[in-house]
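Enquirer: Per UniProt numbering, the very first residue in the sequence shown carries number 1; after that it's consecutive.
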Amino acid sequence: MQLITICALSVSLSLSLCLSLSVCLSLSVSLSLSLSVSLSLCLSLCLSLSLSLSSGLSQLQGSVEQVFLRCAEGSVEWLYPSGALRLSLSPRPLWAGLGPGVSSNTPASVCVKAEPHWGGAQLYLEQDGVLELLIGDALGHTHTRCFSVTSGERPALFLQATPHQDISRRIAAFRYELRGERSEQPNDNSVHTEPVSSEGACRPCNDTEMLMAVCTSDFVVRGNIRAVDTDADLQAAVIKVSATRVYRQKFALFSSNGRLTHSGAIRTPLSCGVRTGSGSFLFTGHIHFGEAWLGCAPRYKDFLRVYEQAKQELQIPCTLDTH
Numbered sequence: 001m002q003l004i005t006i007c008a009l010s011v012s013l014s015l016s017l018c019l020s021l022s023v024c025l026s027l028s029v030s031l032s033l034s035l036s037v038s039l040s041l042c043l044s045l046c047l048s049l050s051l052s053l054s055s056g057l058s059q060l061q062g063s064v065e066q067v068f069l070r071c072a073e074g075s076v077e078w079l080y081p082s083g084a085l086r087l088s089l090s091p092r093p094l095w096a097g098l099g100p101g102v103s104s105n106t107p108a109s110v111c112v113k114a115e116p117h118w119g120g121a122q123l124y125l126e127q128d129g130v131l132e133l134l135i136g137d138a139l140g141h142t143h144t145r146c147f148s149v150t151s152g153e154r155p156a157l158f159l160q161a162t163p164h165q166d167i168s169r170r171i172a173a174f175r176y177e178l179r180g181e182r183s184e185q186p187n188d189n190s191v192h193t194e195p196v197s198s199e200g201a202c203r204p205c206n207d208t209e210m211l212m213a214v215c216t217s218d219f220v221v222r223g224n225i226r227a228v229d230t231d232a233d234l235q236a237a238v239i240k241v242s243a244t245r246v247y248r249q250k251f252a253l254f255s256s257n258g259r260l261t262h263s264g265a266i267r268t269p270l271s272c273g274v275r276t277g278s279g280s281f282l283f284t285g286h287i288h289f290g291e292a293w294l295g296c297a298p299r300y301k302d303f304l305r306v307y308e309q310a311k312q313e314l315q316i317p318c319t320l321d322t323h
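Right, dumping it as structure tokens:
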């Protein structure tokens with residue numbers, strides 16, 4: 001059995017990358033398997049690591065390759081799947097990367113999402129010696145599948161090639177990410193499909209949640225709703241936003257349209273019944289698999305009232321330039 005450790009506290013490739021640095025690095029390494037792994041967010045370091053490995057056709061039938069994934073998010077691509085891969089997830093050191101207020105005792109969830117060209121393998125969750133199917137060989141809708149983990153657990157993903165008579169090109173590719181547990185998510189070891197429930201997502205934020213969202217969200221923008229479309233695959237409403245001010249964004253979600261505004265799209269469960277409306281809003285939320293999902297979205301005048309009152313009472317968790 002071959003062992004590969006990826007993005008540990010010190011990367012075992014003659015590099016010590018996972019330090020407390022605000023640096024973004026890119027690295028490509030060739031090894032002797034048929035696996036391509038891209039990883040990011042190793043502790044407080046933004047690391048993108050791509051491993052291109054030789055053809056899976058050379059892997060022995062019935063063999064199992066062992067791979068350790070120690071980053072909070074990444075992607076796996078397996079060309080010409082043959083045999084099996086055991087992908088060991090070790091998220092325990094990464095709780096600090098989930099944001100303020102998240103401790104090592106806070107439940108978290110791991111989510112996986114197959115790429116549209118998925119084929120030639122099945123992905124299982126291995127927990128306590130039991131295998132549970134996450135993604136089958138015949139991929140239908142690209143649902144996101146999630147399961148809960150707690151500090152100290154060592155869950156693993158078991159990627160098994162399915163037998164085929166021909167040698168046509170097949171690629172088993174998926175993305176994964178570690179998330180902080182939301183209140184509406186089940187706090188057990190069950191596997192569930194996202195979105196789990198729209199109950200928590202549709203509930204208006206209270207004043208405390210509104211203020212904390214400004215501090216902990218992946219994006220914070222002020223803007224108007226231009227239109228609302230539907231994403232049938234994700235059962236989500238796609239809110240087209242014209243942003244007059246971008247306070248923060250983890251990635252380039254809102255791009256400049258050449259004027260004084262930025263445009264972008266934010267998703268929320270379709271059952272929330274979002275409609276177009278007039279007025280200025282403060283949109284906050286998180287990034288999941290490269291897409292923006294809505295968190296708190298108060299009207300800007302309501303947020304400003306709450307923010308100014310908390311500021312006078314010295315109760316603001318973080319500051320925002322409202323001028």
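The beta carbon of each residue, even a glycine, is placed where N, CA and C say it ideally should be.
Identify which residue in Arg245, Leu85, Asp218 has its Cα closest to the Cα of alanine 292.
Expert: Locating residue 292 in the sequence shown gives position 292, counting from the first residue. Ranking the options by Cα distance to alanine 292, first place goes to Asp218.
Enquirer: Decide if arginine 323 is buried, meaning its Cβ has at least 16 other Cβ atoms within 10 Å, or exposed.
Expert: In the sequence shown, the residue the question calls residue 323 occupies position 323. Contrary to the premise, residue 323 reads as histidine rather than arginine in this sequence. Exposed, by the Cβ-count rule.
Enquirer: Using beta-carbon positions only, say whether residue 326 and tryptophan 118 come within less than 8 Å of one another.
Expert: Absent from the model: residue 326. The displayed extent of the chain is 1 to 323, so no value can be given.
Enquirer: Give the straight-line distance between the Cα atoms of proline 317 and proline 81, rounded to the nearest whole angstrom.
Expert: As a first step, residue 317 must be located in the sequence shown, where it is residue number 317. As a first step, residue 81 must be located in the sequence shown, where it is residue number 81. Roughly 49 Å between the two C-alpha positions.
Enquirer: Which residues in the same chain as cysteine 296 place their Cβ atom closer than 7 Å to its Cβ, once the five residues preceding and following it in sequence are excluded?
Expert: As a position in the sequence shown, residue 296 is number 296, starting the count at 1. Answer for cysteine 296: Cys205, Glu209, Met210, Ala213, Thr284, listed in chain order.
Enquirer: Who does histidine 288 pair with in a DSSP beta bridge?
Expert: Position 288 of the sequence shown, counting from 1, holds the residue named residue 288. Its beta-bridge partners are Glu291.
Enquirer: Rounded to whole angstroms, what is the Cα-Cα separation between serine 263 and arginine 226?
Expert: Numbered from its first residue, the sequence shown carries residue 263 at position 263. Numbered from its first residue, the sequence shown carries residue 226 at position 226. Approximately 9 Å between the Cα atoms of the pair.
Enquirer: My guess is that cysteine 111 and arginine 154 are in contact by the Cβ rule of under 8 Å, so how many angstroms apart are they, rounded?
Expert: For the purposes of this step, residue 111 is taken as residue 111 along the sequence shown, with counting starting at 1. For the purposes of this step, residue 154 is taken as residue 154 along the sequence shown, with counting starting at 1. No, cysteine 111 and arginine 154 are not in contact; Cβ-Cβ is about 18 Å, not under 8 Å.
Enquirer: Per DSSP, which one or two residues make a beta bridge with asparagine 224?
Expert: Reading the sequence shown from its first residue, position 224 is the one you call residue 224. As DSSP reads the structure, asparagine 224 sits in a beta bridge with Ser242.
Enquirer: Exposed or buried, alanine 72, counting other C-beta atoms within 10 Å across all chains shown (16 or more means buried)?
Expert: Residue mapping note: residue 72 aligns to position 72 of the sequence shown, counting from 1. Under this definition alanine 72 is a buried residue.
Enquirer: Just to confirm, are glutamine 122 and threonine 162 a CB contact at a threshold of 8 Å?
Expert: Along the sequence shown, read from residue 1 onward, the residue named residue 122 stands at position 122. Along the sequence shown, read from residue 1 onward, the residue named residue 162 stands at position 162. It is a contact, given that the beta carbons lie within the stated cut-off.
Enquirer: Can you tell me where the beta strand (DSSP E) holding valine 159 begins and where it ends?
Expert: In the sequence shown, residue 159 corresponds to position 159, counting from 1. According to the sequence provided, residue 159 is leucine. The question's valine does not apply to it. Here the beta strand (DSSP E) through leucine 159 covers 156 to 161.
Enquirer: With leucine 294 and tyrosine 307 assumed to form a contact (beta carbons below 8 Å), what rounded beta-carbon distance in angstroms separates them?
Expert: For the purposes of this step, residue 294 is identified with residue 294 of the sequence shown, where counting begins at 1. For the purposes of this step, residue 307 is identified with residue 307 of the sequence shown, where counting begins at 1. Not quite, the Cβ-Cβ distance comes to about 19 Å (not below 8 Å), so this is no contact.
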